[in-house]
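Colleague:
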Amino acid sequence: MSQEILEMIKKEIDSNTIVLFTKGTADMPMCGFSARAIAVFKELGRPFKTVDILPDPRIRQILTSVSNWPTVPQVFVGGKFIGGSDIIVEMYQKGELKPLVEQAFNAKQAAPAR
Amino acid sequence: MGPDDLKQRIERGIPGATARVEGADAHFGAVVIAQAFEGKTRIEQHQMIYALFRDEMTSQEIHALSLKTCTPAEWERDKANGPGQAPHF
Numbered sequence: 045m046s047q048e049i050l051e052m053i054k055k056e057i058d059s060n061t062i063v064l065f066t067k068g069t070a071d072m073p074m075c076g077f078s079a080r081a082i083a084v085f086k087e088l089g090r091p092f093k094t095v096d097i098l099p100d101p102r103i104r105q106i107l108t109s110v111s112n113w114p115t116v117p118q119v120f121v122g123g124k125f126i127g128g129s130d131i132i133v134e135m136y137q138k139g140e141l142k143p144l145v146e147q148a149f150n151a152k153q154a155a156p157a158r
Numbered sequence: 048m049g050p051d052d053l054k055q056r057i058e059r060g061i062p063g064a065t066a067r068v069e070g071a072d073a074h075f076g077a078v079v080i081a082q083a084f085e086g087k088t089r090i091e092q093h094q095m096i097y098a099l100f101r102d103e104m105t106s107q108e109i110h111a112l113s114l115k116t117c118t119p120a121e122w123e124r125d126k127a128n129g130p131g132q133a134p135h136f
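Quick note, the sequences are listed as chains A and B, same order. Residues 45 to 158 in our numbering are what the first sequence spells out, letter by letter. Residues 48 to 136 in our numbering are what the second sequence spells out, letter by letter.
1) For a test of your reading of the model: does the CB of residue 53 (chain B) fall under 7 Å from any non-hydrogen atom of the ligand ZN? Yes or no.
2) Under 6 Å Cβ to Cβ from residue 66 (chain B), same chain only, skipping five residues before and after it: list those, please.
3) Closer than 9 Å between beta carbons: that is the criterion. Which residues of the stretch 115-144 of chain A meet it against chain B?
4) Determine, using beta carbons only, whether residue 92 (chain B) and residue 100 (chain B) come nearer to each other than 8 Å.
5) With a Cβ-Cβ cutoff of 8 Å, do residue 96 (chain B) and residue 131 (chain A) count as a contact?
6) Short of 7 Å in beta carbon distance, which residues of its chain neighbour residue 82 (chain A), apart from the five on each side in sequence? Order them along the chain.
7) Taking 8 Å as the CB-CB cut-off, is residue 49 (chain A) touching chain B?
8) Between which two residues does the beta strand (DSSP E) containing residue 114 (chain B) stretch?
9) Would you list the residues sitting across from residue 80 (chain B) in a DSSP beta bridge?
10) Check whether the Cβ of residue 56 (chain B) lies closer than 8 Å to any Cβ atom in chain A.
11) For residue 150 (chain A) and residue 110 (chain A), I'd like the C-alpha separation in whole angstroms.
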């Protein structure tokens, strides 16, 4: 049911400091753009979750309506949508991504359980 | 749909925008410079462009549209910082 998928998406966004919705998995990305975003986060060295959107086409449909973003990957840090692969790579190259990620982890430490 | 079609749609859809588009076979990359991006986040800037291609992206006629957006002022500043800093794919 699509309501369940929406709940799953929200839960992943809320419960993971970094979550990437990708085609394929972190170990086996199925698309160059997803692979690029995953590579950036591997480089940053903080734990991150990937959610494969390929097993069920409704995941992408519902995700797109949540984020108002038509393409995959989609990256959420600290519960907030921060962009697709172009923005992630650009932020990484400009040195903006690491501080954002560290800030999200620090905020999580400051307020552990919810 | 070819790169020229995308360029036209972007430049008509965002007044004052200059676009450079490359690509084929449903995979495109665009650099877009527009004053209209001033004060907007990168996400909002990209959403403005994606909105122009909503139908094509839903139907997968456009499978990938890689974007690089900036304002004219950012473009000039990046150019001044040397060729390595200029927006590129």
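Glycine is no exception: its CB is placed at the ideal position from the N, C-alpha and C atoms.
Modeller: With the structure as the only source:
1) Looking at this structure, you won't find the ligand ZN or any other ligand, since it has none at all.
2) Within the second sequence, the letter at position 19 stands for residue 66 (chain B). Once the five neighbours on either side are set aside, the close Cβ partners of residue 66 (chain B) are 54, 57, 58, 77, 79.
3) Cβ proximity to chain B below 9 Å picks out 115, 125, 126, 127, 128, 129, 130, 131, 134, 135 from the stretch 115-144 of chain A.
4) As a working note, residue 92 (chain B) is residue 45 in the second sequence. As a working note, residue 100 (chain B) is residue 53 in the second sequence. For residue 92 (chain B) and residue 100 (chain B), no; Cβs fall outside 8 Å.
5) Residue mapping note: residue 96 (chain B) aligns to position 49 of the second sequence, counting from 1. Residue mapping note: residue 131 (chain A) aligns to position 87 of the first sequence, counting from 1. No, the Cβ-Cβ distance between residue 96 (chain B) and residue 131 (chain A) is not below 8 Å.
6) Your numbering for residue 82 (chain A) matches position 38 in the first sequence. Within the same chain, residue 82 (chain A) has close Cβ partners 64, 66, 70, 73, 94.
7) Start at 1 with the first residue of the first sequence, and residue 49 (chain A) comes out as number 5. Taking Cβ atoms only, chain B never reaches closer than 8 Å to residue 49 (chain A), which makes this a no.
8) Here residue 114 (chain B) refers to the residue found at position 67 when the second sequence is read from its first residue. Taken as a continuous stretch (DSSP letters only), the beta strand (DSSP E) holding residue 114 (chain B) covers 111-117.
9) As a position in the second sequence, residue 80 (chain B) is number 33, starting the count at 1. Partner(s): B:65, B:117.
10) Mapped onto the second sequence, residue 56 (chain B) falls at position 9. Interface criterion not met: the Cβ of residue 56 (chain B) is under 8 Å from no Cβ in chain A.
11) Your numbering for residue 150 (chain A) matches position 106 in the first sequence. Your numbering for residue 110 (chain A) matches position 66 in the first sequence. Approximately 26 Å between the Cα atoms of the pair.
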